[in-house]
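>
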Amino acid sequence: MKKLILFLFVLCGFAAMQAQEVIELDEARLSFDPDAISVDSDLGIIKCLVKESYTGEFSENPIRFMQENFDFNEFLSAIVNRTEFDKYLVTFNSTKGFLEATYTNNGELVETKQLFKNIALPPSVRNELFLQNPGWSLASNKYLATGKSDRIDREVYKIKIQNGNKKRMVKIVPSTTIVGLVSN
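Under mature numbering (1 follows the signal peptide of the UniProt record, and there is no 0), the residues of the sequence shown are numbered -19 to -1, 1 to 165, in order.
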């Protein structure tokens, strides 16, 4: 009797596995609503919500993600009743943070600003952090970066670490690999 029940259980398991279908999803594209554009003084402000194919895709490399999924010139041509501005500020928001990109009215990327919280640290930053602070664990982090065009000129990781009841703030600048310590 046990063998019969076990056989039926295994048979039902195989039947359930065969009933699964693979669903292929379309690629994610950034979209916008021309009526939802808010304008402030001589700077056109545009906000876009990022839809990622997988978690962390946007925060991994926001500028590359923006270049692959957002065409500013196409965006401007789609706006029917638009006002000419000297610059446009486009903000890309995700659950972990944002990227602000400033464009000229000719579609040239002028500068970018990034702020992300609690993201996966790059291996070089993570290794440097834990080599300098053995026994400490990561509590939270912030990533700030600014740059001209599509370059990153300045980037900083502000990391909160803890060891029991002790807490520390560590600042890591990847380009110089200088680790600074701030205590509470």
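C-beta: ideal position from N, C-alpha, C; glycine also. As the structure is a prediction and not an experimental result, all values here were calculated from the model.
What did DSSP end up calling Ile44 once you bin it into helix, strand or coil?
Taking the sequence shown and counting its residues from 1, one reaches residue 44 at position 63. DSSP places Ile44 in helix when its eight states are reduced to three.
> Assuming Phe66 and Asn86 form a contact by the criterion Cβ under 8 Å, report the distance between their Cβ atoms to the nearest whole angstrom.
As a working note, residue 66 is residue 85 in the sequence shown. As a working note, residue 86 is residue 105 in the sequence shown. A Cβ-Cβ separation of about 6 Å places Phe66 in contact with Asn86 under the 8 Å criterion.
> For the beta strand (DSSP E) containing Arg107, list its first residue and its last residue.
For the purposes of this step, residue 107 is identified with residue 126 of the sequence shown, where counting begins at 1. That residue, Arg107, is in no beta strand (DSSP E); its alpha helix (DSSP H) goes Pro104 to Gln113.
> Taking 7 Å as the cut-off, decide whether the C-beta atoms of Lys152 and Ser121 are in contact.
Stepping through the sequence shown from its first residue, residue 152 is reached at position 171. Stepping through the sequence shown from its first residue, residue 121 is reached at position 140. No, the pair does not count as a contact, with Cβ atoms beyond the cut-off.
> With distances taken from CA atoms, which of Met150, Ile27 and Thr127 is nearest Gln113?
Taking the sequence shown and counting its residues from 1, the one referred to as residue 113 is at position 132. Closest by alpha carbon: Met150.
> Let me know the secondary structure DSSP gives Phe(-11) once reduced to three states.
In the sequence shown, residue -11 corresponds to position 9, counting from 1. Phe(-11) falls in the helix class under three-state DSSP.
> Taking the alpha carbon of Val154 as the reference point, which residue from Ser130, Asn144, Gly116 and Glu109 has its own alpha carbon closest?
Taking the first residue of the sequence shown as 1, we reach residue 154 at position 173. Of Ser130, Asn144, Gly116 and Glu109, the residue nearest in Cα terms is Glu109.
> Does the Cβ of Pro15 have 16 or more other Cβ atoms within 10 Å, making it buried, or fewer, making it exposed?
Counted from its first residue, the sequence shown places residue 15 at position 34. Any reading at Pro15 must be qualified, since the residue scores a pLDDT of 48, below 50, and its modelled position is unreliable; the value itself is stated next. By the 10 Å Cβ count, Pro15 comes out exposed.
> Verify whether the separation of the beta carbon atoms of Leu125 and Val137 is less than 7 Å.
As a position in the sequence shown, residue 125 is number 144, starting the count at 1. As a position in the sequence shown, residue 137 is number 156, starting the count at 1. Yes, these two residues count as a Cβ contact at 7 Å.
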